[in-house]
Amino acid sequence: QVQLVESGGGLVQPGGALRLSCKASGSIVNINAMGWYRQAPGKQRELVAFITSGGNRNYAGSVKGRFTISRDNAGYTVYLQMNSLKPEDTAVYYCNADVSGYTRDYWGQGTRVTVSS
Numbered sequence: 060q061v062q063l064v065e066s067g068g069g070l071v072q073p074g075g076a077l078r079l080s081c082k083a084s085g086s087i088v089n090i091n092a093m094g095w096y097r098q099a100p101g102k103q104r105e106l107v108a109f110i111t112s113g114g115n116r117n118y119a120g121s122v123k124g125r126f127t128i129s130r131d132n133a134g135y136t137v138y139l140q141m142n143s144l145k146p147e148d149t150a151v152y153y154c155n156a157d158v159s160g161y162t163r164d165y166w167g168q169g170t171r172v173t174v175s176s
């Protein structure tokens with residue numbers, strides 16, 4: 060089994076910044092990709108960004124240029140640096156991992172980000 064633990068959410072004013080972290084643990088040999096999704100009230104969960112084991116990154120158009128995804132050298136912790144935050148970034152942010160040897164993705168418990176003055 061794999062566990063994902065997120066941290067770093069909170070309340071921030073528009074234009075501010077937050078950094079989310081997600082650490083994977085458990086029976087892991089290799090992580091193919093890790094990413095962040097978010098779900099705003101009344102909306103579907105959407106992809107924010109992901110990073111592959113090869114270092115390839117992909118971003119949703121709405122966050123490109125403002126958010127940066129990165130990972131540690133071991134590849135088991137992923138970060139999401141969020142700058143120039145907007146009220147529309149308010150959501151619960153979920154970490155996701157595609158782990159080798161498993162037939163399902165794993166999800167964290169979610170961390171709430173609120174952008175408000």
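For the sequence shown, this note's numbering gives the first residue as 60, with consecutive numbering after it. Even for Gly, the Cβ is constructed at its ideal location relative to N, Cα and C.
Reducing DSSP to helix, strand and coil, say where residue i ends up.
i, result
"D131", "coil"
"D148", "helix"
"K123", "coil"
"Q62", "strand"
Span of the beta strand (DSSP E) holding residue i?
i, result
"V137", "T136 to M141"
"Q98", "I90 to Q98"
Let me confirm a value: residue i is counted as buried when at least 16 other C-beta atoms fall within 10 Å, else exposed. Which label applies?
i, result
"N89", "exposed"
"A181", "Not covered by the structure: residue 181. The range shown for the chain is 60 to 176."
"E105", "exposed"
"E147", "exposed"
"A133", "exposed"
What separation, rounded to the nearest whole angstrom, lies between the Cα atoms of residue i and residue j?
i, j, result
"G114", "G101", "33 angstroms"
"L67", "Q103", "It should be pointed out that residue 67 corresponds to Gly in this sequence rather than to Leu. Each residue's Cα considered, the two are about 22 angstroms apart."
"V64", "F126", "20 angstroms"
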